[in-house]
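> Once you've had a glance at the structure underneath, I'll fire off some questions.
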Amino acid sequence: MVKVRIEGLKKYFDKVKAVNDINLEIIPGEFVVLLGPSGCGKTTLLRCISGLEIVTAGKVFFDDDNITYLSPKDRNISMVFQNYAVWPHMTVRSNIAFPLRIKKHSQSKIQEKVAWAASLLGIDNLLDRYPTQLSGGQRQRVAVARSIVMEPKVLLMDEPLSNLDALLRVRMRAEIKKLQEKLKVTTLYVTHDQVEAMTMGDRIAVLEQGVVQQFGSSNEIYHNPVNTFVAGFIGSPQMNFIEVEIVNKNDKLYLTTKGLEILLLDIFKERVSRLSDKRKYILGIRPEHIYVASNKPVEKVASIRGKVYFAELLRSDTVIHLEQKFGLLGIKAPGDLKVEEGKELEALIDLSKIHLFEKDSHKAIF
Amino acid sequence: MNSQKIPLLLRIRPLITIFIVVIILIWFLTPLVLITLSAFASSDDYYQFEKVIPTHFTLHHFESLFFGLEAWKAIINSLSVAGITMLLSFLIGLPAGYALSRYVFPGKNFLKLLCMVTKMFPLMVLAVPLLIIFMRIGISDSTWGTSLAHTAMVLPIIILIFSSILSGVSVEYEEAAMIFGLSRIQAFFHITIPLVLPGLAASAIFAFNISWNEVFVATILTLTNRTLPAHILKTAMASPDYIKFAAGFIMAVPAMVFIFFVRKHLVTMWGISLK
Ligand SMILES: Nc1ncnc2c1ncn2[C@@H]1O[C@H](COP(=O)(O)OP(=O)(O)OP(=O)(O)O)[C@@H](O)[C@H]1O
Ligand SMILES: [Mg+2]
Chain A
1 MVKVRIEGLK KYFDKVKAVN DINLEIIPGE FVVLLGPSGC GKTTLLRCIS GLEIVTAGKV
61 FFDDDNITYL SPKDRNISMV FQNYAVWPHM TVRSNIAFPL RIKKHSQSKI QEKVAWAASL
121 LGIDNLLDRY PTQLSGGQRQ RVAVARSIVM EPKVLLMDEP LSNLDALLRV RMRAEIKKLQ
181 EKLKVTTLYV THDQVEAMTM GDRIAVLEQG VVQQFGSSNE IYHNPVNTFV AGFIGSPQMN
241 FIEVEIVNKN DKLYLTTKGL EILLLDIFKE RVSRLSDKRK YILGIRPEHI YVASNKPVEK
301 VASIRGKVYF AELLRSDTVI HLEQKFGLLG IKAPGDLKVE EGKELEALID LSKIHLFEKD
361 SHKAIF
Chain B
367 MNSQKIPLLL RIRPLITIFI VVIILIWFLT PLVLITLSAF ASSDDYYQFE KVIPTHFTLH
427 HFESLFFGLE AWKAIINSLS VAGITMLLSF LIGLPAGYAL SRYVFPGKNF LKLLCMVTKM
487 FPLMVLAVPL LIIFMRIGIS DSTWGTSLAH TAMVLPIIIL IFSSILSGVS VEYEEAAMIF
547 GLSRIQAFFH ITIPLVLPGL AASAIFAFNI SWNEVFVATI LTLTNRTLPA HILKTAMASP
607 DYIKFAAGFI MAVPAMVFIF FVRKHLVTMW GISLK
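First to last, the sequence lines map onto chains A and B.
With this note's numbering, the residue at position 94 of the first sequence is 94, and numbering never jumps.
With this note's numbering, the residue at position 151 of the second sequence is 517, and numbering never jumps.
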């Protein structure tokens, strides 16, 4: 188990700032997920840690060793590449055995390890095939198997489950997580799938344009997003963003816009009282924190009425888009709810679960 | 059950393919067969024109060619020149092609263009100055001199071929090997070379054949240490026709034998084809 520390890491490709001043400290044995949209620099960050990319500036430490300029082969890491990089001229067996063979393990040890990794990933019946005779998902599993036979210091995985079908993905998610807990290997796991991030990561680093926006547990990231980007990126359907003003009426603070008036609960008051009310703010409400009036589970709510513009029936739940003066409001309701498009509906906003952001800086106030 | 007829075109398509293949084979093999037959025909049979297929065979022509005209020396010369040419063009061409395929550096396109430009000058223009230079440094009329000249001829093309072959191998294959404990050079030999073997084999044939068949430079640069084509041009062409056929035969055979041995690498291996 090693601690991975990244200090002021930058990687520029000419003018493209793929990684722009990243600082991370990863606890030994931790499972950290790098989450972000396509092109935000996840792969580049991983490649900098692996040594395949020479950094523009900054340092990478394993424990207290500065390994910024150490060659990849001496770092004792392994990696699952986004495009698998399973060698086409070797059988699956040789591919998985390769890292062991390089490190000169005994033949019996190699056989035992290969069999173990292959059965773990459910590819034991494919060992004598060549990669071209495999499907994308099978190749991906070979890549994962190859990465775990060595028991590396640090395990880097670049979207290792992206090509699996939904069922297999859920199973593999659990397998990888369990395996990581057993091996206790410090792991950086890249994905752009938030469910994967939420379920697997001890902590999640949300990346955007080469910068870490927030680094914390899934709980923190979901409940206390630091800015509108994180708030909007996490959660499905997306958080509702509504431009509001802060209004003081009879010593009570309200967040208002056309057709909406939301009372600020006392728990938020202190944060807001210091703000000047001339500025613009963005109110954030998650669709799952708005309830349809008929099944109201909480106390302090704001009621809002509107016509159903569109309802997505996912059967497990129903996503309702409610017409409002300020735009559409997304609501996540139970799947058994009967909704008709065009009909009027009353919805209740849970006042204790709202978020407020500064409009200019996009930073969270609460 | 309603049976369905396979359309006529689909049914006769294999026949058409076979037909075309046969035509192509005849086109290429007829001269080869004629040369072979004539090379072994006894001189009596050879001069009987109504006898298309000779009935009496002899090795006499080869004997006089090999020993009377001393072609055996020329064959050894040719083999060493072609061998050295191949070796040199691989030694220089592989790193050069790798650099062109893997790295971005200033002047890269200019270098590629330069490789093409070398093919613009006719050999006649270069041969005489080359001879003078070789005489000065004392490598004229030697195997090495001819090899160097041949290497210079094939190298530009070989570099371009190698760079394109190596570009066909994803960098990630090498990078994966580096992650799992190899240095860049080891990764090149363990991973990349096996992957491009078919292409390398084809390139080897190419280099070998260019050198084996090259006659102009070889004739000018050498006097006593002639390669086979230069030697034949000088001696066999002044001999009876059946000697010429024997000469043609030994010109063709080594190339064919060589191709036979590397042939299996030409067929795409492991079900992959490298563009
Ligand atoms: N070798 C390179 N040369 C130039 N630009 C590059 C290079 N590699 C990556 N980039 C750029 O750097 C940025 C980050 O790329 P990166 O591959 O790290 O994204 P990513 O987060 O892994 O995306 P994805 O989820 O699509 O894999 C992108 O804008 C990309 O175009
Ligand atoms: Mg990527």
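Glycine residues also receive a C-beta, built at the ideal position from the N, C-alpha and C atoms.
(1) Just list the alpha helix (DSSP H) runs in the stretch 212-238 of chain A, keeping only unbroken ones of 4 residues or longer that don't cross its boundaries, in chain order.
(2) Flag this pair as yes or no: are the beta carbons of ILE96 (chain A) and ARG146 (chain A) separated by less than 9 Å?
(3) By the three-class DSSP mapping on this structure, what secondary structure does ASN443 (chain B) have?
(4) List the residues of chain A that THR389 (chain B) touches, going by C-beta distances under 8 Å, in chain order.
(5) Kindly indicate the opening and closing residues of the beta strand (DSSP E) around VAL170 (chain A).
(6) Assuming contact is defined by CB atoms lying nearer than 9 Å, are LYS384 (chain A) and LEU322 (chain A) in contact in what I supplied?
(7) Is the distance from the Cβ of LYS186 (chain A) to the Cβ of GLU159 (chain A) below 9 Å?
(8) Given PHE611 (chain B), which residues of its chain have a CB within under 6 Å of its CB, disregarding the five upstream and five downstream residues?
(9) Residues of chain A with CB under 9 Å from ALA567 (chain B), in chain order?
(10) What's the C-alpha gap between ILE320 (chain A) and GLU344 (chain A)?
(11) In its own chain, which residues sit with a C-beta less than 7 Å from the C-beta of ASN66 (chain A), not counting the 5 before and 5 after it?
(12) Report buried or exposed for GLN214 (chain A), applying the criterion of at least 16 other Cβ atoms within 10 angstroms of its Cβ.
(13) Could you pull out every unbroken alpha helix (DSSP H) segment of at least 4 residues lying fully inside the stretch 501-568 of chain B, listed in chain order?
(14) May I ask you to list the residues that DSSP assigns as paired with ILE285 (chain A)?
(15) Is there at least one Cβ from chain A nearer than 9 Å to TRP636 (chain B)'s Cβ?
(16) Could you name the residues that DSSP lists as bridge partners for ILE324 (chain A)?
(17) Which runs of the alpha helix (DSSP H) at least 4 residues long sit entirely within the stretch 379-424 of chain B? Give them in chain order.
(18) Quick one: which residues of the stretch 153-171 of chain A get their C-beta closer than 9 Å to a C-beta of chain B? List them in chain order.
(19) Is there at least one Cβ from chain A nearer than 9 Å to PRO360 (chain B)'s Cβ?
(20) For GLU288 (chain A), which residues from the same chain have a beta carbon less than 6 Å from its beta carbon, with the 5 sequence-adjacent residues on both sides left out?
(21) Can you list the residues of chain E that GLY449 (chain B) reaches, using a CB-CB cut of under 8 Å?
(22) Which residue's Cα is closest to the Cα of SER569 (chain B): B:SER508, B:SER530 and B:PRO488?
(23) Tell me GLY306 (chain A)'s beta-bridge partners as DSSP assigns them.
(24) Does ligand 2 have a heavy atom nearer than 8 Å to the CB of GLU196 (chain A)?
(25) Return no unless some Cβ of chain B is closer than 9 Å to the Cβ of SER371 (chain A).
(26) Which residue from A:SER236, A:GLY259 and A:ASN250 puts its Cα closest to that of VAL244 (chain A)?
(27) Please report the straight-line C-alpha distance between VAL470 (chain B) and LEU477 (chain B), rounded to a whole angstrom.
(28) Evaluate TYR539 (chain B) with the Cβ neighbour count: other Cβ atoms within 10 Å of its Cβ, from every protein chain shown; 16 or more gives buried, anything less gives exposed.
(29) Is the distance from the Cβ of ILE6 (chain A) to the Cβ of ASN23 (chain A) below 9 Å?
(30) Taking only heavy atoms of ligand 2 into account, decide whether any of them is closer than 8 Å to the Cβ of VAL190 (chain A).
(31) With 7 Å as the C-beta to C-beta threshold (strictly closer), list the residues of the stretch 539-560 of chain B near chain A in chain order.
(32) Can you list, in chain order, the residues of its chain whose CB lies under 6 Å from that of ILE304 (chain A), leaving out five sequence neighbours each side?
(33) Return the chain-ordered list of same chain residues with a C-beta closer than 6 Å to the C-beta of LYS249 (chain A), the five sequence neighbours on each side being excluded.
(34) Output yes or no for whether 9 Å exceeds the beta carbon distance between MET622 (chain B) and LEU594 (chain B).
(35) Between which two residues does the beta strand (DSSP E) carrying VAL355 (chain A) extend?
(36) Can you find a heavy atom of ligand 2 that lies under 8 Å from the Cβ of GLU53 (chain A)?
Based on what the coordinates show:
(1) 218-223 and 228-233
(2) The Cβ atoms of ILE96 (chain A) and ARG146 (chain A) lie closer than 9 Å to each other.
(3) If DSSP states are grouped into helix, strand and coil, ASN443 (chain B) belongs with the helices.
(4) The amino acid occupying residue 389 (chain B) in the given sequence is Ile; Thr does not appear at that position. In chain order: nothing, as chain A lies at least about 34 Å away.
(5) Unbroken run through VAL170 (chain A) is the alpha helix (DSSP H), 166-183; no beta strand (DSSP E).
(6) In this structure chain A extends from 1 to 366, so residue 384 (chain A) is not present and cannot be described.
(7) For the record, residue 186 (chain A) in the displayed sequence is Thr; it is not Lys. For THR186 (chain A) and GLU159 (chain A), no; Cβs fall outside 9 Å.
(8) So the qualifying residues of the chain are ILE401, SER404 and ALA405.
(9) By Cβ distance, chain A contributes nothing, its closest Cβ being about 14 Å from ALA567 (chain B), past 9 Å.
(10) 12 Å
(11) LYS59
(12) With 16 or more other Cβ atoms within 10 Å, it is buried.
(13) 509-533, 537-545 and 550-553
(14) A:ASN240
(15) In this predicted model, TRP636 (chain B) has a pLDDT of only 38, less than 50, meaning its place in the structure is not dependable; the value taken from the coordinates is given anyway. At least one chain A Cβ lies under 9 Å of TRP636 (chain B).
(16) Sequence inspection shows Gln at residue 324 (chain A); the Ile mentioned does not correspond to that position. According to DSSP, which records beta bridges pairwise, GLN324 (chain A) is partnered with A:GLY327.
(17) 409-413
(18) LEU156
(19) Chain B is shown from 367 up to 641; residue 360 (chain B) falls before or after that span and cannot be answered.
(20) When the five nearest sequence neighbours on each side are left out, the beta carbons in the same chain lying within less than 6 Å of the beta carbon of GLU288 (chain A) are those of LYS332, in order along the chain.
(21) No chain E is part of this structure, whose protein chains are labelled A and B.
(22) B:SER530
(23) DSSP lists A:LEU345 as the bridge partner or partners of GLY306 (chain A).
(24) no
(25) Look at the range of chain A in this structure, 1 to 366, and you will see that residue 371 (chain A) is not part of it.
(26) A:GLY259
(27) 12 Å
(28) buried
(29) yes
(30) yes
(31) TYR539, GLU541, ALA542, MET544, ILE545, PHE546, GLY547, LEU548, SER549, ILE557 and PRO560
(32) ALA347
(33) none
(34) Contact flag unset, no.
(35) According to the sequence provided, residue 355 (chain A) is His. The question's Val does not apply to it. Start and end: 355-358.
(36) no
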